[in-house]
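Working notes for the structure below.
There are 2 protein chains.
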Amino acid sequence: MQQVSVGLVGLGTVGAGVARILTQHADRIARRAGSRIDCKWAVVRDLNKKDRRAEFEGVRIVDDVRRVIDDPEVAIVVELIGGIDAARRIVLDALAAGKHVVTANKALLAEHGPEVFAAARAADRAVAFEASAGGGVPIVGAINVGLAANQVQSLAAILNGTCNYILTQMTQEGIAYDAALAGAQALGYAEADPTLDVDGTDTAHKLAILAQLAFRANVKTADIPREGIDRLDLADLKYARELGYTIKLLAHAKLAGGALELRVAPSLVRNDAPLAQVHGPYNAVRVVGDAVGDTFFHGRGAGMMPTASAVVADLIDVATGRALLTSRVLDFWSAASPAVPLLPSSRSLRRNYLRFLIADRPGVIAAIAQILGARGISIASVIQHEPAEAVGDEPGPVPLVIMTHLAVEEDLREAIREIDGLDVVRAPSVRLGVEE
Amino acid sequence: MQQVSVGLVGLGTVGAGVARILTQHADRIARRAGSRIDCKWAVVRDLNKKDRRAEFEGVRIVDDVRRVIDDPEVAIVVELIGGIDAARRIVLDALAAGKHVVTANKALLAEHGPEVFAAARAADRAVAFEASAGGGVPIVGAINVGLAANQVQSLAAILNGTCNYILTQMTQEGIAYDAALAGAQALGYAEADPTLDVDGTDTAHKLAILAQLAFRANVKTADIPREGIDRLDLADLKYARELGYTIKLLAHAKLAGGALELRVAPSLVRNDAPLAQVHGPYNAVRVVGDAVGDTFFHGRGAGMMPTASAVVADLIDVATGRALLTSRVLDFWSAASPAVPLLPSSRSLRRNYLRFLIADRPGVIAAIAQILGARGISIASVIQHEPAEAVGDEPGPVPLVIMTHLAVEEDLREAIREIDGLDVVRAPSVRLGVEE
Ligand SMILES: NC(=O)c1ccc[n+]([C@@H]2O[C@H](COP(=O)([O-])OP(=O)(O)OC[C@H]3O[C@@H](n4cnc5c(N)ncnc54)[C@H](OP(=O)(O)O)[C@@H]3O)[C@@H](O)[C@H]2O)c1
Ligand SMILES: NC(=O)c1ccc[n+]([C@@H]2O[C@H](COP(=O)([O-])OP(=O)(O)OC[C@H]3O[C@@H](n4cnc5c(N)ncnc54)[C@H](OP(=O)(O)O)[C@@H]3O)[C@@H](O)[C@H]2O)c1
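Chains A and B, in that order, give the protein sequences.
Just so you know, we're using full-length UniProt numbering here: the first sequence kicks off at 1 and counts up by one.
Just so you know, we're using full-length UniProt numbering here: the second sequence kicks off at 1 and counts up by one.
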């Protein structure tokens, strides 16, 4: 049987998982790849950090990536260092040296997809990236291959396990955001600096990738309107639940009249929808195709072994030769592909959840309803709750929750601006979209 | 761009869907396949049945499959006639003539997988079969490619939309099996003769295929212990629900101590498990892999366009050249593959739901518990319900529902046999397994 030599660049969480599968299950992988995949090199930043030789016997661990790039025996470079600049250099150098590339780096692809795939085309090499969106969930292959007969109509996904874990804790245990985040950090589900997770950036990176695959949209992360979960109030999770909804951080993409609507935001999902049943650090993707209808994919979006599962699947795909055929045909991030225009977010149309904190006085609800109505926004349901504690003479402000019917985003924004300007409104309003 | 000519054999439900996608979305398919896929021929049984020329312009509709097999321009034959004997002949002839084959025929693969793939190997041609299990759900590709790094540990699946529709109606509407079946027939979800669906045979065909992919098990349908839904009593769905479970017709495969447990049977699934949330004519597959952990795939398992989605995905996979690489490496149904032994069903270990109809007399429960206990079967919970109507002097019999802890199948069977022999037991007992 032939042998394919691989250089792992990065031997952290994911890299170590990949090395483990390749060394511990070499025969199984060889049977499925049609050749023995030999983990010849592993590159780390700091050779002295810990002694990794015992765990990865037979793997040459070095701190100079050129050893791998310059080794003519290496056929595939696996980039698992994360970050953008160094990773970009390594991937481009590897392609220029005639290596295939496997990467789990969503930030790199979201920001430099066009450059990376132009280099891949120039070198006629594959870049495989199953782990970059959805982790262990084989969603990249599902869209590229399994659902290839379809025009995807819409896609809605939970792509960040950290956020989903935090939201699950908030929903099920009734604990506030900060406490839930601290718990996630204690369990290793969240980084010490969780900013890119909780502010929606990581989800937007992954959505940029899925939007390329499903719609050939060539978007940068900055093009995607995004909100994180870091300012979510427990009260809204509770009211949503009363209304029959669960709040999830969703990546949303939808074709609407020839334009593509993209968004990352905490959104209301009906309790009986599969996305609402996704708990803890899991990921899930709902894809609606014109032929297949509704499909749903669920699994672990991160973690050592689930992510390594996707990286090794890519290695097998490259080793068999399939990945190169896919890369050639699908022409990822190619400028030549027919571009789909983005729908300006002001034009998006959806149902909304609104929460106002209002003075407990007659006529306030009517005033709000009137402002909404004047912009053609009709109300589907209302919850008015007990007033909070009185402040001096005046009764405390009361929360007012309104679900709207379909509303155009710019109309809604204007209405909210006007409502927030009313002197009976006690705090800036909260607005969340509803995922259909 | 190159052109690939295809011969569709069968232009019924699925065939017409495939022809529709290929003709209406030719450009899209060409972009993803890297060549234009031309539906040159369609073969039907009866040319006079209806006039199909208007709908499928440009497709030569004939009733002689030799026209296709003998056409040197045809590169791919798509077998969509169903049944076994004629389909087998067509597939073998097509391979012998150097064509690749795409098929949705689970019965054929379950019964003649070894012969079909031996012929494919001899001819060095691909046989692609994404539609044969799970319909539109791309589960075949997920196991073969996306999860290829894993040893699958277990698999549990809803693979027959007709049965799932019927069970959903029984559960949600509280209607009995016969009425639910009639409803499914009226809606076109069930055939006039639904035997192969409701008795579990269709599910067993699909399980035989998935067991080959996930475990390289070379099993015939007859090797798989199976029960259908045709004798399910509404009462058991109701008691299961009280205990927090939903009853689903499951295909079950699990590695246990180096042996493979296979089974098709109505089974209890915990209400909060994703499989319990699969409603109506949908299919779903849960796959647990050693690296990836729990994954779940959900979508339409049948119907014209969802099934055509999978068939056209296969056509694209063949046209790009990927399918042949997969076929070569994975060596489906090859005698050379290391065989996994089947666990005799008497040795299987699981929790069980038992329902007895007993005389309403003191001591009966104790007698039953004693028989179970004597075989090491311990009881997890009991529901005893109100007696049915009195019969003459004697109070009516009462249903007794018992959930057991893990029990070895042969111990359980013996215990049930003994319990059914008690003179206080009024009807043969009901037994259903619990899916963990
Ligand atoms: N962790 C997950 O669950 C997960 C899931 C999906 C995708 N990903 C993606 O996978 C990639 C890797 O993530 P990770 O969690 O495995 O990261 P990590 O644990 O931080 O590991 C990074 C590894 O790269 C090495 N490294 C960093 N900079 C380097 C450089 N300039 N040259 C050579 N080696 C360098 C580090 O060396 P030292 O060990 O010497 O520090 C370390 O071994 C990222 O793109 C991430 O977004 C991760
Ligand atoms: N229907 C689904 O939802 C579904 C889902 C998954 C898989 N499948 C599988 O897909 C396959 C096709 O199913 P289907 O529902 O499309 O069947 P169907 O509606 O009964 O259509 C069968 C077609 O094959 C033609 N045919 C039958 N015997 C033939 C023969 N000996 N030579 C030439 N043509 C012949 C028929 O011709 P006439 O039109 O002249 O009668 C008809 O066009 C089956 O293997 C089935 O198990 C179906």
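Where is the CB? At the ideal position from N, CA and C, for every residue including glycine.
Quantities reported herein were computed from a predicted structural model and do not represent experimental measurements.
Exercise for the section: Step through the CB atoms of chain A and report whether any lies within less than 9 Å of the CB of isoleucine 29 of chain B. Expected result: Closer than 9 Å to the CB of isoleucine 29 of chain B there is at least one CB belonging to chain A.
Practice task
Just the C-alpha distance for alanine 339 of chain A and glycine 258 of chain A, rounded to the nearest angstrom, thanks.
Solution key: Going from the Cα of alanine 339 of chain A to the Cα of glycine 258 of chain A covers about 11 Å.
Problem - chain B residues whose Cβ lies nearer than 8 Å to that of alanine 313 of chain A - result: The contacting residues are Val145, Gly146, Leu147, Ala148 and Ala149.
Practice task
Could you work out which residues of chain A lie near leucine 325 of chain B, taking near to mean beta carbons separated by less than 7 Å?
Solution key: Thr320, Gly321 and Arg322
Handout entry: Per-residue burial, histidine 252 of chain A [other beta carbons within 10 Å of its own, 16 or more giving buried]
Key = buried
Exercise for the section: Let me know the secondary structure DSSP gives arginine 355 of chain B once reduced to three states. Expected result: Per DSSP, reduced to three states, the secondary structure at arginine 355 of chain B is strand.
Handout entry: Segments of 4+ residues assigned as alpha helix (DSSP H) that fall wholly inside the stretch 56-99 of chain B
Key = 66-69 and 85-96
Practice task
Pull up the distance between the alpha-carbon of isoleucine 84 of chain B and that of valine 127 of chain B, whole angstroms please.
Solution key: 16 Å
Problem - Reference leucine 187 of chain B, options B:Asn48, B:Lys238 and B:Ile166, closest by Cα - result: B:Ile166
Problem - Below-9 Å beta-carbon distance, leucine 8 of chain B vs any chain A residue - result: no
Handout entry: Bridge partner(s) assigned by DSSP for residue 459 of chain A
Key = Outside the modelled stretch of chain A, which goes from 1 to 436, sits residue 459 of chain A, for which no answer is possible.
Exercise for the section: Kindly say whether serine 381 of chain B, judged by its beta-carbon, lies nearer than 9 Å to any beta-carbon of chain A. Expected result: no
Practice task
Note down, in chain order, every chain A residue with its Cβ under 7 Å from the Cβ of histidine 298 of chain B.
Solution key: Pro274, Thr295 and Phe296
Handout entry: Cα-Cα separation, alanine 310 of chain B to alanine 273 of chain A
Key = 24 Å
Exercise for the section: Can you give me the Cβ contacts of lysine 220 of chain A inside the same chain, cut-off strictly under 8 Å, excluding the 5 residues immediately before and after it? Expected result: Within the same chain, Cβ atoms closer than 8 Å to the Cβ of lysine 220 of chain A are found at Ala110, Glu111 and Ala208, the five residues on either side in sequence being excluded.
Problem - the stretch 46-53 of chain B contacting the stretch 401-419 of chain A, beta-carbon criterion three pairs below 8 Å - result: no
Practice task
Specify the secondary structure class of methionine 1 of chain B as computed by DSSP and reduced to three states.
Solution key: coil
Handout entry: Local Cβ density within 10 Å of glutamate 191 of chain A, reported as buried at 16 or more and exposed below that
Key = exposed
Handout entry: Secondary structure of lysine 106 of chain A, DSSP reduced to three states
Key = Helix, per DSSP.
Practice task
Please decide whether proline 138 of chain B counts as near chain A, where near means a Cβ-Cβ distance under 9 Å.
Solution key: yes
Problem - Inter-residue CB distance, leucine 22 of chain A and isoleucine 61 of chain A (contact presumed, cutoff 8 Å) - result: That pair is no contact at about 14 Å.
Practice task
Figure out for me which residue from A:Gly373, A:Gln2 and A:Ala54 has the closest Cα to the Cα of alanine 19 of chain A.
Solution key: Closest option to alanine 19 of chain A, Cα to Cα, is A:Ala54.
Handout entry: For residue 442 of chain A: DSSP bridge partner residues
Key = Nothing about residue 442 of chain A can be read from this structure; chain A reaches only from 1 to 436.
Practice task
Would you grab the beta carbon distance between methionine 170 of chain B and leucine 237 of chain B for me? Rounded to a whole angstrom, and I think it's under 8 Å.
Solution key: 6 Å
Practice task
Could you list which residues in chain B have their beta carbon closer than 7 Å to that of glutamine 277 of chain A, in chain order?
Solution key: Pro274 and Gln277
Practice task
Would you check whether ligand 2 has a heavy atom nearer than 8 Å to the C-beta of serine 132 of chain B?
Solution key: yes
Exercise for the section: Starting from the C-beta of arginine 426 of chain A, find all residues in its chain whose C-beta is less than 7 Å away, skip the five residues before and the five after it, and write them out in chain order. Expected result: Leu357, Ile358, Ala359 and Pro397
Exercise for the section: Give the DSSP-derived three-state secondary structure of serine 267 of chain A in the structure shown. Expected result: Serine 267 of chain A sits in a strand when the DSSP states are folded into three classes.
Problem - Cα-Cα separation between arginine 67 of chain A and alanine 122 of chain A, rounded to whole angstroms - result: 23 Å
Handout entry: Residue-chain proximity (leucine 330 of chain B, chain A), Cβ-Cβ < 9 Å
Key = yes
Handout entry: Range covered by the beta strand (DSSP E) that runs through histidine 252 of chain A
Key = 245-256
Problem - asparagine 283 of chain B in three-state terms, based on DSSP - result: strand
Problem - Cβ of alanine 33 of chain B within 9 Å of any chain A Cβ - result: yes
Exercise for the section: State the start and end residues of the unbroken alpha helix (DSSP H) segment that holds arginine 328 of chain A. Expected result: 322-330
Practice task
Specify whether the stretch 149-157 of chain B and the stretch 311-328 of chain B touch according to this definition: at least 3 beta carbon pairs, one from each stretch, less than 8 Å apart.
Solution key: no
Exercise for the section: Going by CA-CA distance only, name the one from B:Arg350, B:Ile365 and B:Asp64 that's closest to valine 424 of chain B. Expected result: B:Ile365
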